[in-house]
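Asks: Dropping a structure here in structure tokens format, bear with me for questions.
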Amino acid sequence: MSRVWFGTALETVAVWWRIERRDGVALGFTSHDRDLIFAGLRHRTAPGMVPSAVRRTGTFEADTAEIAGALAHDAIGEADLVAGRFDGASVTMGLVDWQTLENETLFAGTIGSVGREGENFSADLESIKQALARQVVPRTSPTCRAEFCGEGCTLSAARFSHEIVIADISEDRQSVLVSGMASQPNAEFGWIRAADGPDVGMMLRVHAVESGWMVLERALSEGMAAGMRAILREGCDHTLATCSARFANAVNFQGEPFLPGNDLLTRYPSAQG
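Here it is as structure tokens:
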């Protein structure tokens, strides 16, 4: 039988949070005045972090929660928030008896968006019920809906991943030259994940390739320098022509390139030769 929390006048209960970032880092926090170790993780004391709203339902409607707190703990810094290290991280929240370490999960989901006001931050959390909002039947599109090397694509991620070395960084730190490969890969629409330096574990999308320079979605940190290692995943523009000519994978193309669009009736006639 599960425990009934707050059933007596005096309870040895604290709130706990567990954050698992996409780069593999797991962080634990508790509102108690000392660190608590349970479920294989040390939950560090963070009395400034409080759950301002937790809402649970027994229906298909998504549960919601919000965490507000001060940017005081070393594990959560302004630089990491700005860099997006906590975007999309999985979050669990619950109650723990700080004497017996008996604990229960009240909320599980992901971080949707992070906002900052002065020295404080707030994180909107999306519950796992958000998955129920996905479309069962996907909408038609002229481009491929599958993630490159993901479900539906069937191509091997290892085949299009390369160990590289950053050869040079542009002055604005948003473009890089890389070395360490026999030939230049098709990096446009791919991503680079740093293996050294302050950006280690961060995945940066490649927006474009200009004269060999890979233009990233955001600037690299000041500590990143030439000679550091990274992983490069090639990209795909999700068109049928690329899927067929470059990857010979047209049979798994997840799109409808020849289906007339919504503007079919408004198109102007063209002269026939």
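Going by the numbering used here, the sequence shown opens with residue 1, and the numbers climb by one from there.
Backbone N, C-alpha and C define an ideal beta-carbon position, used for all residues, glycine too.
Could you check whether the segment 194–210 touches the segment 141–149, counting it as contact only if at least three pairs of C-beta atoms, one from each stretch, sit closer than 8 Å?
Replies: no
Asks: Could you check if R3 is buried or exposed, using at least 16 other CB atoms within 10 Å of its CB as the buried criterion?
Replies: Within the sequence shown, residue 3 is the residue found at index 3, counting from 1. R3 is exposed by the Cβ-count criterion.
Asks: Could you check which residue in I76, D97, G84, V91 has the C-alpha nearest to that of L10?
Replies: The residue labelled residue 10 in the question sits at position 10 within the sequence shown. Comparing Cα-Cα distances from L10 to each of I76, D97, G84, V91, the minimum goes to D97.
Asks: Cα-Cα, which of V209, G235, L81 is closest to S156?
Replies: Here residue 156 is taken as the residue at index 156 of the sequence shown, counted from 1. Answer by Cα proximity: G235.
Asks: Quick check: is the beta carbon of G197 nearer than 9 Å to any beta carbon in chain B?
Replies: The structure shown contains no chain B; it holds only a single protein chain.
Asks: Going by C-alpha distance, which of L216, P185, G190 is nearest S170?
Replies: Counting from one through the sequence shown, the residue named residue 170 turns up at place 170. Taking only the C-alpha atoms, the option nearest S170 is L216.
Asks: Where do the N-terminal and C-terminal ends of the beta strand (DSSP E) with A83 fall, by residue?
Replies: As a working mapping, residue 83 is identified with position 83 in the sequence shown. Taken as a continuous stretch (DSSP letters only), A83 belongs to no beta strand (DSSP E), being part of the alpha helix (DSSP H) at 78–83.
Asks: Taking 8 Å as the cut-off, does the segment 81–92 touch the segment 21–28 (at least 3 CB pairs, one atom from each stretch)?
Replies: yes
Asks: Considering only the alpha carbon of each residue, which of A248, H43, V176 lies closest to R218?
Replies: Here residue 218 refers to the residue found at position 218 of the sequence shown. Comparing Cα positions, the closest option is V176.
Asks: The beta strand (DSSP E) with L36 in it runs from where to where?
Replies: Here residue 36 refers to the residue found at position 36 when the sequence shown is read from its first residue. Start and end: 36–38.
Asks: Taking just the CA atoms, how far does A194 sit from I274?
Replies: Outside the displayed span of the chain (1 to 273) sits residue 274, for which this structure offers no information.
Asks: Rounded to whole angstroms, what's the CA-CA distance from A70 to D80? Just pull it up for me.
Replies: By one-based count along the sequence shown, residue 70 stands at place 70. By one-based count along the sequence shown, residue 80 stands at place 80. Residue placement at A70 is poorly supported in this model, since its pLDDT is 42, which falls under 50; the coordinates are not used for a value here.
Asks: With which residues is E151 paired in a DSSP beta bridge?
Replies: By one-based count along the sequence shown, residue 151 stands at place 151. The partner list for E151 (beta bridge, DSSP) is empty, contrary to what the question assumes.
Asks: For the alpha helix (DSSP H) containing A158, list its first residue and its last residue.
Replies: Working through the sequence shown from its first residue, we reach residue 158 at position 158. Premise fails: A158 is in no alpha helix (DSSP H) and is neither H nor E.
Asks: Under 9 Å between the Cβ atoms of A250 and L240?
Replies: The count along the sequence shown starts at 1 and reaches residue 250 at position 250. The count along the sequence shown starts at 1 and reaches residue 240 at position 240. Their beta carbons are under 9 Å apart, which means A250 touches L240 by this criterion.
Asks: Which residues does DSSP pair with R145 in a beta bridge?
Replies: Within the sequence shown, the letter at position 145 stands for residue 145. Paired residue(s): none; R145 is not in a bridge.
Asks: Using the C-alpha atoms, what's the distance from G77 back to F107?
Replies: As a first step, residue 107 is located in the sequence shown; it is residue number 107 there, counting from the start. As a first step, residue 77 is located in the sequence shown; it is residue number 77 there, counting from the start. Those two C-alpha atoms are separated by around 24 Å.
Asks: Assuming R233 and V165 form a contact by the criterion Cβ under 8 Å, report the distance between their Cβ atoms to the nearest whole angstrom.
Replies: By 1-based counting over the sequence shown, the position of residue 233 is 233. By 1-based counting over the sequence shown, the position of residue 165 is 165. The Cβ separation is near 16 Å, so there is no contact.
Asks: Do you know how far the Cα of F148 is from the Cα of W16?
Replies: The residue given as residue 16 occupies position 16 in the sequence shown. The residue given as residue 148 occupies position 148 in the sequence shown. If I take the Cα positions, the gap works out to 37 Å.
Asks: Compare the Cα-Cα distances from E188 to each of F6, V25, M214, L95 and report the closest residue.
Replies: Within the sequence shown, the letter at position 188 stands for residue 188. Measuring from the Cα of E188, the nearest candidate turns out to be M214.
Asks: Give the DSSP-derived three-state secondary structure of V13 in the structure shown.
Replies: Translated into positions along the sequence shown, residue 13 becomes position 13. Residue state, collapsed to three classes: strand.
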